[in-house]
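Take a look at the structure set out below.
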Amino acid sequence: MKILMVCLGNICRSPLAHGIMENLVKEKGLHWEIDSAGTGDWHIGSPPDKRSIAVANAYGIDISGQCCRQFQVADFDKFDRIFVMDRMNLRDVLAHARRESDREKVRLLLDTEMVPDPYYEDDQFDAVFKMIEKGCRNIIEEELSRRVR
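According to full-length UniProt numbering, numbering within the sequence shown proceeds without interruption in unit steps and concludes at 149.
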């Protein structure tokens with residue numbers, strides 16, 4: 001399984017999702033490939049936001065080695081699933097879809113709610129971490145139950 005996590009700048013939410021998912025699949029002994037990207041190009045080549053690094057560290061996850069990159073059309077070919085953090089990310093990623101099979105790979109990380117961008121709200125990083133962790137756990141559970149059938 002190859003999973004891509006996407007947010008706007010690839011410095012706050014998607015690096016957290018990348019790190020959380022990598023940590024969870026490692027705990028489960030799964031050999032999934034996880035990556036992250038942003039729909040915008042402002043932070044290409046930069047590390048994640050220091051607040052994302054700090055909250056991840058507080059939960060025992062090191063995301064400091066990640067490098068921000070922009071979503072590319074080729075990501076539809078490389079990844080089995082593409083999870084986005086909010087409806088704007090969903091719209092932006094789907095705008096690059098070339099065919100229905102591309103569109104079918106893309107969905108919101110949390111089916112019923114958006115993962116808010118904590119960039120302007122320092123006190124939201126912990127809550128965002130927990131939301132993302134919940135979404136990642138649900139994805140793993142869903143994929144594993146699909147394989148059992």
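The C-beta atom is built at its ideal place from N, Cα and C for all residues, glycine as well.
If you're wondering where the values come from, they're calculated on a predicted model, not measured in any experiment.
| Item | Value |
| --- | --- |
| Validate contact between the region 2-17 and the region 66-75 using beta carbons, cut 8 Å, 3 pairs | yes |
| Cβ neighbour criterion (16 or more within 10 Å) applied to S145 | exposed |
| Contact check, V115 vs I132, beta carbons under 8 Å | yes |
| Complete runs of the beta strand (DSSP E) confined to the UniProt domain "Phosphotyrosine protein phosphatase I" (1-142) [at least 3 residues] | 2-7, 33-38, 81-84, 106-108 |
| Test item: CB-CB of Q32 and K2 under 8 Å | One point to set straight first is that residue 32 is Trp, not Gln, in the sequence displayed. Their beta carbons are under 8 Å apart, which means W32 touches K2 by this criterion. |
| Rounded separation between E22 and I44 - CA only | 21 Å |
| Residue from G38, N10, R81 with nearest C-alpha to P48 | N10 |
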